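Visitor:
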Amino acid sequence: MIRNIIILLGLPGSGKGTQGEFISRELAIPHISTGDILRKMIHEGGKDADLIAEYMKEGKLIPDNLVNKLVKRFILSDTCKNGCILDGYPRTLSQAEYFIENIDANISTIFFDVSDEVATKRVLGRVACASCNKIYNEYFDKPKKQGVCDKCGSKEFIARSDDDKDTILLRLEEYKKNTLPMIEYYKKQGKFFTVSAEGAIKKVTEEVASIIKKIWLCHIFLYYAVLIF
Ligand code: AMP
1104 MIRNIIILLG LPGSGKGTQG EFISRELAIP HISTGDILRK MIHEGGKDAD LIAEYMKEGK
1164 LIPDNLVNKL VKRFILSDTC KNGCILDGYP RTLSQAEYFI ENIDANISTI FFDVSDEVAT
1224 KRVLGRVACA SCNKIYNEYF DKPKKQGVCD KCGSKEFIAR SDDDKDTILL RLEEYKKNTL
1284 PMIEYYKKQG KFFTVSAEGA IKKVTEEVAS IIKKIWLCHI FLYYAVLIF
């Protein structure tokens, strides 16, 4: 069966994670963030944990072969049988090519367009609840009650080790060198949507909501076209 996959592209801090969660709730398909999977692998301390931690701390991309295998396993698992949202993958042209050659999927792409300045400010203000991992932002999206997680009530928050000033500059460079060329690649594939992601979360979510309606209509159309022809 062909899986419906939505790829989220955009700078670190462009809102892919927040909007990915929204789309996941709306379409009832999982939100797969390669960054989250890799952080979990570091936390669990398996055989690749040290290597991944080293690359991540330096703002560099993890080698393609490791990430490709990881993502393929996730996508072909039962969890993603109805499709998924990919946040942070593919991130290089070679990953995109691997993906197309190895995974049968009906792909739509959403690009979150944001300036370096806004992305950097968002990344530097980002913290996560230490208990349930809900993401907040010191500048744009604080908990309702100061210092207390809205979701689970925990009072402990942590910043990601690669969300510091020096590493974000390296991550922006990596993005421009490796990920930006993929925008043209996915534009050519069709079903490519751009969101202006500089505004408040609610405003961006409204734009995303109207895009996923279009994506959903395309999926339904394709589903019936396959049945008929
Ligand atoms: P993110 O949480 O998406 O900002 O990713 C954090 C870090 O995880 C990146 O800076 C990379 O070191 C690593 N990473 C995440 N996704 C990928 C990928 N598709 N390819 C290589 N490295 C990745």
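All the letters of the sequence shown, read from the start, carry residue numbers 1104 to 1332 under my numbering.
Here a beta-carbon is modelled for each residue, glycine too, at the ideal position from N, C-alpha and C.
Here the structure is a predicted model, which means the values were calculated and not measured.
Given that a residue counts as buried once 16 or more other Cβ atoms are within 10 Å of its Cβ, and exposed if not, what is Arg-1142?
Guide: In the sequence shown, residue 1142 corresponds to position 39, counting from 1. Looking at its Cβ environment, which holds 16 or more other Cβ atoms inside 10 Å, Arg-1142 is buried.
Visitor: Note down, in chain order, each residue of its chain lying with its Cβ closer than 7 Å to the Cβ of Gly-1250, except the 5 sequence neighbours on either side.
Guide: Here residue 1250 refers to the residue found at position 147 of the sequence shown. Lys-1258, listed in sequence order.
Visitor: Using CA atoms only, rank isn't needed, just tell me which of Ser-1299, Ile-1315, Asn-1171 and Ala-1199 is closest to Phe-1215.
Guide: As a working mapping, residue 1215 is identified with position 112 in the sequence shown. Among Ser-1299, Ile-1315, Asn-1171 and Ala-1199, the Cα nearest to that of Phe-1215 belongs to Ser-1299.
Visitor: Is Ile-1135 close to chain D? Criterion is C-beta to C-beta, closer than 8 Å.
Guide: Note that chain D does not occur in the displayed structure, where there is just one protein chain.
Visitor: By a C-beta neighbour count over all protein chains shown, 10 Å radius and 16 as the cutoff for buried, is Tyr-1278 buried or exposed?
Guide: Here residue 1278 is taken as the residue at index 175 of the sequence shown, counted from 1. By the 10 Å Cβ count, Tyr-1278 comes out buried.
Visitor: Below 8 Å, how does it come out for the stretch 1109-1117 and the stretch 1203-1223: are there three or more Cβ pairs, yes or no?
Guide: Output reads yes: the stretch 1203-1223 touches the stretch 1109-1117.
Visitor: Cβ atoms of Val-1221 and Tyr-1192: under 8 Å apart, would you say?
Guide: Taking the sequence shown and counting its residues from 1, the one referred to as residue 1192 is at position 89. Taking the sequence shown and counting its residues from 1, the one referred to as residue 1221 is at position 118. Against a cut-off of 8 Å, the Cβ pair of Val-1221 and Tyr-1192 comes out as no contact.
Visitor: In the DSSP assignment, what are the bridge partners of Thr-1297?
Guide: What you label residue 1297 is simply residue 194 of the sequence shown in a count that begins at 1. Answer by DSSP bridge pairing, in chain order: Phe-1214.
Visitor: Is Ile-1105 helix, strand or coil by DSSP?
Guide: The count along the sequence shown starts at 1 and reaches residue 1105 at position 2. Here Ile-1105 sits in coil by DSSP.
Visitor: How far does the beta strand (DSSP E) with Lys-1151 in it reach, from first residue to last?
Guide: Counting from one through the sequence shown, the residue named residue 1151 turns up at place 48. According to the sequence shown, residue 1151 is Asp rather than Lys. Segment: none, Asp-1151 is in no beta strand (DSSP E) and carries neither H nor E.
Visitor: Spatial neighbours of Leu-1325 within its chain, please: C-beta separation below 7 Å, excluding the five flanking residues on both sides.
Guide: Start at 1 with the first residue of the sequence shown, and residue 1325 comes out as number 222. The residues are Asn-1209.
Visitor: When you compare only the Cα positions, how much space is there between Val-1226 and Val-1329?
Guide: The residue labelled residue 1226 in the question sits at position 123 within the sequence shown. The residue labelled residue 1329 in the question sits at position 226 within the sequence shown. Going from the Cα of Val-1226 to the Cα of Val-1329 covers about 43 Å.
Visitor: Would you call the CB atoms of Lys-1237 and Lys-1254 closer than 8 Å?
Guide: The count along the sequence shown starts at 1 and reaches residue 1237 at position 134. The count along the sequence shown starts at 1 and reaches residue 1254 at position 151. Result yes, Cβ atoms of Lys-1237 and Lys-1254 sit closer than 8 Å.
Visitor: The ligand AMP and Tyr-1192: does any heavy atom of the ligand fall closer than 7 Å to the residue's C-beta?
Guide: Residue mapping note: residue 1192 aligns to position 89 of the sequence shown, counting from 1. At least one heavy atom of the ligand AMP is nearer than 7 Å to the Cβ of Tyr-1192, so yes.
Visitor: Distance, Cα to Cα, Glu-1147 vs Phe-1332?
Guide: As a first step, residue 1147 must be located in the sequence shown, where it is residue number 44. As a first step, residue 1332 must be located in the sequence shown, where it is residue number 229. Approximately 48 Å between the Cα atoms of the pair.
Visitor: Ile-1271 and Lys-1294 look like a contact to me (Cβ under 8 Å); what is the Cβ gap, rounded to whole Å?
Guide: On the sequence shown, residue 1271 is found 168 positions in, with the first residue counted as 1. On the sequence shown, residue 1294 is found 191 positions in, with the first residue counted as 1. Wrong, their Cβ atoms sit about 30 Å apart, outside the cutoff.
Visitor: Give me the Cα-Cα distance between Glu-1287 and Glu-1200, rounded to the nearest whole angstrom.
Guide: Residue mapping note: residue 1287 aligns to position 184 of the sequence shown, counting from 1. Residue mapping note: residue 1200 aligns to position 97 of the sequence shown, counting from 1. Roughly 13 Å separates the two Cα atoms.
Visitor: Taking Cβ positions, are Pro-1284 and Leu-1196 nearer each other than 8 Å?
Guide: Here the question's residue 1284 lines up with position 181 in the sequence shown. Here the question's residue 1196 lines up with position 93 in the sequence shown. It is a contact, given that the beta carbons lie within the stated cut-off.
Visitor: On the criterion of 16 or more Cβ atoms from any shown chain inside 10 Å, does Lys-1119 qualify as buried, or is it exposed?
Guide: Position 16 of the sequence shown, counted from the first residue, corresponds to residue 1119. Per the 10 Å Cβ criterion, buried.
Visitor: Measuring alpha carbon to alpha carbon, tell me which residue in Asp-1265, Ile-1323 and Tyr-1239 is nearest Glu-1157.
Guide: Counting from one through the sequence shown, the residue named residue 1157 turns up at place 54. With distances taken between Cα atoms, Glu-1157 lies closest to Asp-1265.
Visitor: Taking Asn-1185 as the reference, give the member of Gln-1198, Ala-1303, His-1134 and Lys-1150 with the closest Cα.
Guide: Counting from one through the sequence shown, the residue named residue 1185 turns up at place 82. Nearest of Gln-1198, Ala-1303, His-1134 and Lys-1150 to Asn-1185, Cα basis: His-1134.
Visitor: Any heavy atom of the ligand AMP closer than 7 Å to the Cβ of Lys-1163?
Guide: Residue mapping note: residue 1163 aligns to position 60 of the sequence shown, counting from 1. Checking every heavy atom of the ligand AMP against the Cβ of Lys-1163, one is found closer than 7 Å.
Visitor: Let me check one thing: in DSSP terms, what residues is Ser-1079 bridge-paired to?
Guide: What the structure shows of the chain is the stretch from 1104 to 1332, and residue 1079 is not part of that stretch, so it cannot be assessed.
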